[in-house]
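K.L.:
There are 2 protein chains.
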Amino acid sequence: MALLGADVRLTPHRREVFEILASSTDHPTATDIFDRVKARSPGISLATVYNCLEHLTSAGLIKQVHLERGQSRYCANLHEHVHFHCETCGKVIDAHPAAEFDPSKFWNLPKGTKITRMDVAIHGTCEACSAR
Amino acid sequence: MALLGADVRLTPHRREVFEILASSTDHPTATDIFDRVKARSPGISLATVYNCLEHLTSAGLIKQVHLERGQSRYCANLHEHVHFHCETCGKVIDAHPAAEFDPSKFWNLPKGTKITRMDVAIHGTCEACSAR
DNA sequence: TGTAAGCTTAGAATCATTCCAATTCTAATT
DNA sequence: AATTAGAATTGGAATGATTCTAAGCTTACA
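Protein sequences appear in the order of chains R and X. Residue 112 in the working numbering sits at position 112 of the first sequence, and the numbers go up by one each step. Residue 29 in the working numbering sits at position 29 of the second sequence, and the numbers go up by one each step.
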């Protein structure tokens, strides 16, 4: 499987980790994924999960997300999006673009700076928590 | 000292941590700050540095920044800005707004979502590294 | 089928941070 | 100035997340 230039050998474990992440919308952590993979592959080790996540990430099939300190989260949504993080319940949701967005229009970066990617984390209170 | 609603008792250690951060533009980590404070207060412990950073953060005098996994960085720039992170040399620089920016205009957040803050991290290659 | 390369494992090691219990300091009150 | 309660500070232990290591296992293909 090749994408964005890098290749990964899709071993059964890597495929499972990828499939589990692709069917999750909750931005699970490595241990969340470990727990879910164990249901299908009881013998898998946490080290393997970390290893799979690393290979999938560097192949560009998934993305690692850092919203706060503590565990990294992972995300298989490769469409352009940002993360909304509810500070009350901890939920993370993807928000997709409503309009064209070019960061260099909004912030003065020094001349010659090259942008490869941008991470936007919006923190606040989700709908459900706001209602309470 | 009070700002944004919270108070901190500005003990000598807290003042030093704050002053060191306020005069730094490199977004130092807790251990960077520890090393710098030791020059003035040789007896200070790392636990105290962490404690000072936590109090200053919750009083709103400084901000904690998470750009990657690993150590948190700290920033005393309270003006609206985003962080540019050079993936080659690791340098972090502040970029200030060139234009008015309202996140809710650019991304479709569910109705009822309340935004309290937004963290933007732009990753790429800085001017000096691009030139090489 | 032999073999090198890459995958997986359990457990150890590391790193960053937080916790803890003891001590010291501060500031307000006698 | 002494008393005292509440904070601040300390060193070290504990924790949590991740990475490393060394050994065994698989796979593709020569």
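From the three backbone atoms N, C-alpha and C, an ideal C-beta is built for every residue, glycine too. None of the values given here were measured: they were computed from a predicted structure.
If you draw a straight line from the C-alpha of Cys52/X to the C-alpha of Glu16/R, how long is it?
P.N.:
Those two C-alpha atoms are separated by around 44 Å.
K.L.:
Quick one: measure Cβ to Cβ for Leu109/R and Phe106/X, integer angstroms, because I've assumed they're closer than 8 Å.
P.N.:
Going by Cβ atoms, the distance from Leu109/R to Phe106/X rounds to 18 Å, so no, they are not a contact pair.
K.L.:
Quick one: what's got a C-beta closer than 7 Å to Met118/X's C-beta in the same chain, skipping five residues either side?
P.N.:
Result list for Met118/X: Pro103, in chain order.
K.L.:
If you run the structure through DSSP and keep just helix, strand and coil, what is Ala98/R?
P.N.:
Looking at Ala98/R - three-state DSSP - the assignment turns out to be coil, as it is neither helix nor strand.
K.L.:
Counting only the same chain and skipping the five closest in sequence on each side, list residues whose C-beta sits under 8 Å from that of Thr116/X.
P.N.:
Within the same chain, Thr116/X has no close Cβ partners at all.
K.L.:
For Val49/R, decide whether its Cβ has a neighbour in chain X, counting only Cβ atoms nearer than 7 Å.
P.N.:
For Val49/R, the answer is no, since every Cβ of chain X falls outside 7 Å of its Cβ.
K.L.:
Are the C-beta atoms of His96/R and some chain X residue less than 7 Å apart?
P.N.:
Chain X, which has a Cβ nearer than 7 Å to the Cβ of His96/R, makes this yes.
K.L.:
Would you kindly report the start and end of the unbroken alpha helix (DSSP H) that includes Lys105/R?
P.N.:
Residues Pro103 to Phe106.
K.L.:
Output, in chain order, the set of chain R residues within a Cβ distance shorter than 7 Å of Cys126/X.
P.N.:
Within chain R, the residues near Cys126/X are Thr113.
K.L.:
Using a Cβ-Cβ distance under 7 Å, would Ala59/R count as near chain X?
P.N.:
It does not; no Cβ of chain X falls within 7 Å.
K.L.:
Consider the Cβ of His66/X: report whether some Cβ of chain R lies at a distance smaller than 7 Å.
P.N.:
Yes, contact with chain R.
K.L.:
Rounded to a whole number of angstroms, what is the C-alpha to C-alpha distance between Leu21/R and Thr29/R?
P.N.:
If I take the Cα positions, the gap works out to 10 Å.
K.L.:
Use the C-beta contact count for Cys126/R: other C-beta atoms within 10 angstroms, 16 or more gives buried, fewer gives exposed.
P.N.:
It counts as buried.
K.L.:
Is the CB of Asn77/R under 7 Å away from at least one CB in chain X?
P.N.:
No, Asn77/R does not count as interfacial toward chain X.
K.L.:
At a CB distance below 8 Å, what residues from the stretch 4–28 of chain R approach chain X? Give them in sequence order.
P.N.:
Within the stretch 4–28 of chain R, no residue has a Cβ that lies closer than 8 Å to any Cβ of chain X.
K.L.:
Can you tell me whether Leu78/R is buried or exposed, with buried defined as 16 or more other CB within 10 angstroms of its CB?
P.N.:
Exposed is the call here.
K.L.:
Which residues in chain X sit within 8 Å of Arg87/R, going by Cβ to Cβ distance?
P.N.:
Per the sequence shown, the amino acid found at residue 87/R is Glu instead of Arg. Neighbours of Glu87/R on chain X, chain order: Thr116.
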